[in-house]
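**Q** Position one of the sequence shown corresponds to residue 34 (the working numbering), numbered consecutively onward.
Let me give you the structure first, and then I'll get to my questions.
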Amino acid sequence: MEQKKINLGLGGVCLALIISNVALYTSLQEESEVITKLSDAMINVETNLLQAPSSFAEEDVKNFIMDNPDVVVKSLAKYRFEQEQAAKVQEAKKVESSMDALYNDKNDPFIGNPNGKHVMVEFVDYNCGYCKRLAPTLKEFVAIDPEAKVIVKEYPIFTNQPTSAYSAMVATAVFYYKPEMYGDIHHAIMGSKLTREGIDQILVNYGIEKDKLQPYMETARKQIEKVRGLGAQLKVTGTPTVFIGAERVHGGWSAQQLKAKFTNQKGE
């Protein structure tokens with residue numbers, strides 16, 4: 034009898050959980066129909082528990098689940114939704130704790146208005162095809178929005194491509210040497226098929242002597258390592274990765290949409 038009570042309780046808990054899942058993912062009409070089925074099943078379980086072996090409750094619940102697979106699917110959907118929401122909360126906490134490193138590191142290169150109020154952060158690798166596709170959009174964004182500022186986190190992730198690290202170091206060193214030239218060099222490198230010689234030629238094309246960058250290369254290397262650490266903390270596993278405020282923004286934005294996003298947020 035004690036075992037029957039335990040099974041009765043477990044059966045009730047399982048069915049109650051299923052009811053709560055249905056309530057979240059069905060319309061009111063569907064919910065009413067399914068809950069009626071569940072209620073009938075629960076009554077049936079409780080009645081049979083008093084008259085049948087203890088294993089019957091488990092079998093009855095299993096049969097209900099087999100007869101109502103949609104309930105299981107909705108239950109799993111609810112679980113996945115809750116897990117995704119929990120992950121977003123955890124990510125938001127990590128980003129919030131890293132806002133200063135994301136937005137206020139004076140050693141980070143940037144394009145656009147140094148004092149702009151519409152600030153976004155981009156983790157980038159010059160060998161990244163998606164970064165190359167996004168670059169014209171960000172260039173246009175800076176051109177059409179006088180408040181635009183794009184902080185560039187030089188983040189070479191293609192370790193099998195030596196030009197990833199080299200281009201990042203060269204571009205960062207240019208920012209330290211002649212910050213006003215960084216935007217031009219950044220876009221020129223992004224728009225080219227990378228070779229070490231090609232990167233050096235870009236410097237020549239813009240009148241920058243490579244030897245003049247040498248004093249800044251070690252500082253650039255250290256900054257890139259710092260960015261790697263920040264990226265690992267924020268679980269930046271690919272490029273481009275873009276942040277606006279504390280939000281990780283995914284692709285598909287036009288320059289006009291980016292501008293509108295900022296103006297709408299700030300009520301301008």
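Think of the CB as a built atom: it goes at the ideal place given N, C-alpha and C, for glycine as much as any other residue.
Among the residues of its own chain, which have a CB less than 7 Å from the CB of M202, if the five just before and after it don't count?
**A** One-based indexing of the sequence shown puts residue 202 at position 169. Same-chain partners within the cutoff: M250, A253, R254 and I257.
**Q** For A181, list the residues DSSP reports as bridge partners.
**A** Counting from one through the sequence shown, the residue named residue 181 turns up at place 148. Looking at the DSSP assignment, A181 forms a beta bridge with H151.
**Q** Measure the beta-carbon distance from I177 to A288 and round it to whole angstroms, keeping in mind my assumption that it falls under 8 Å.
**A** Sequence index remark: in the sequence shown, residue 177 carries index 144 (1-based). Sequence index remark: in the sequence shown, residue 288 carries index 255 (1-based). Their Cβ separation, rounded to whole angstroms, is 6 Å, which keeps I177 and A288 in contact under 8 Å.
**Q** Between G216 and I277, which are expected to be in contact by the criterion C-beta below 8 Å, what is the C-beta distance as a whole number of angstroms?
**A** Position 183 of the sequence shown, counted from the start, is the residue given in the question as residue 216. Position 244 of the sequence shown, counted from the start, is the residue given in the question as residue 277. About 20 Å separates the two Cβ atoms, so there is no contact after all.
**Q** Please check the pair E155 and V185, which I expect to be a contact at CB under 8 Å, by giving their CB distance rounded to whole angstroms.
**A** The sequence position of residue 155 within the sequence shown is 122, counting from 1. The sequence position of residue 185 within the sequence shown is 152, counting from 1. Indeed they touch by this definition, with Cβ atoms about 6 Å apart.
**Q** Would you list, in sequence order, the uninterrupted alpha helix (DSSP H) runs of no fewer than 4 residues that lie entirely inside the stretch 165 to 229?
**A** 195 to 210 and 215 to 223
**Q** From T270 to G264, what distance separates their C-alpha atoms?
**A** Translated into positions along the sequence shown, residue 270 becomes position 237. Translated into positions along the sequence shown, residue 264 becomes position 231. If I take the Cα positions, the gap works out to 8 Å.
**Q** Looking at N96 and the ligand ZN, is the gap between the Cβ and the nearest heavy atom below 7 Å?
**A** Of the ligands one can find in the structure shown there are none, so the ligand ZN has no counterpart to examine.
**Q** CB-CB under 6 Å to A134, same chain, minus the five flanking residues each way: which ones, in chain order?
**A** Walking along the sequence shown from the start, residue 134 turns up at place 101. These residues qualify, in order along the chain: L263.
**Q** In whole angstroms, give me the CA-to-CA distance for F295 and Y136.
**A** What you label residue 295 is simply residue 262 of the sequence shown in a count that begins at 1. What you label residue 136 is simply residue 103 of the sequence shown in a count that begins at 1. Rounded to the nearest angstrom, the two C-alpha atoms are 16 Å apart.
**Q** Please return the same chain residues whose Cβ sits closer than 8 Å to the Cβ of T170, not counting the five positions on each side in sequence.
**A** Residue 170 sits at position 137 when you count from the first residue of the sequence shown. Here the set comprises W286, S287, A288 and L291.
**Q** Is V104 buried or exposed, if buried means 16 or more other CB atoms sit within 10 Å of its CB?
**A** As a working note, residue 104 is residue 71 in the sequence shown. When all chains shown are included, V104 counts as buried.
**Q** Taking the straight line between their C-alpha atoms, what separation do you get for R113 and A119?
**A** By 1-based counting over the sequence shown, the position of residue 113 is 80. By 1-based counting over the sequence shown, the position of residue 119 is 86. Here the alpha carbon of R113 sits roughly 10 Å from the alpha carbon of A119.
**Q** Here's the rule: buried if 16 or more other CB atoms are within 10 angstroms of the residue's CB, otherwise exposed. What is N160?
**A** Counting from 1 along the sequence shown, the entry for residue 160 is found at position 127. Label assigned to N160: buried.
**Q** Where does A110 land, buried or exposed, given buried means 16+ other C-beta within 10 angstroms?
**A** Numbered from its first residue, the sequence shown carries residue 110 at position 77. A110 comes out exposed.
**Q** Ordered along the chain, which non-local residues of its own chain (more than five positions away) have a Cβ less than 7 Å from that of V207?
**A** Residue numbering aside, residue 207 sits at position 174 when the sequence shown is read from its first letter. The residues are M214, Y215, I218, I241 and L246.
**Q** Kindly give me the distance between the Cβ atoms of H151 and K182, rounded to whole angstroms, as I take these residues to be in contact under 8 Å.
**A** In the sequence shown, residue 151 corresponds to position 118, counting from 1. In the sequence shown, residue 182 corresponds to position 149, counting from 1. Their Cβ separation, rounded to whole angstroms, is 7 Å, which keeps H151 and K182 in contact under 8 Å.
**Q** Using DSSP bridges, identify the partner residues of F143.
**A** Residue numbering aside, residue 143 sits at position 110 when the sequence shown is read from its first letter. According to DSSP, which records beta bridges pairwise, F143 is partnered with I184.
**Q** Between R229 and the rest of its own chain, which residues show a CB-CB distance below 7 Å, the 5 nearest in sequence each way excluded?
**A** By 1-based counting over the sequence shown, the position of residue 229 is 196. Closer than 7 Å at Cβ, skipping near neighbours: T196 and Y199.
**Q** Is V94 helix, strand or coil when you go by DSSP?
**A** As a working note, residue 94 is residue 61 in the sequence shown. DSSP places V94 in helix when its eight states are reduced to three.
**Q** Thinking C-alpha only, which one of C164, Q116, Y209 and R166 is nearest K139?
**A** Against the sequence shown, residue 139 aligns to sequence position 106. Answer by Cα proximity: Y209.
**Q** I want to see whether chain D comes within less than 8 Å of M214, judged by CB atoms only; does it?
**A** The structure shown contains no chain D; it holds only a single protein chain.
**Q** Using CA coordinates, which residue listed in R261, K127 and E173 is at the minimum distance from Y188?
**A** The residue given as residue 188 occupies position 155 in the sequence shown. Selected option, being the one with the closest Cα: R261.
**Q** Is the beta carbon of M153 closer than 8 Å to that of V275?
**A** Within the sequence shown, numbered from 1, the residue matching residue 275 stands at position 242. Within the sequence shown, numbered from 1, the residue matching residue 153 stands at position 120. Yes, the pair counts as a contact, with Cβ atoms nearer than the cut-off.
**Q** Indicate the three-state DSSP secondary structure (helix, strand or coil) for G44 in the structure shown.
**A** Reading the sequence shown from its first residue, position 11 is the one you call residue 44. Annotation note: pLDDT 47 at G44 (below 50); position unreliable, no value reported.
**Q** Using 10 angstroms around the beta-carbon of D93, count the other beta-carbons present and answer buried if the total reaches 16, otherwise exposed.
**A** Numbered from its first residue, the sequence shown carries residue 93 at position 60. The residue in question, D93, is buried, as its Cβ has 16 or more Cβ neighbours within 10 Å.
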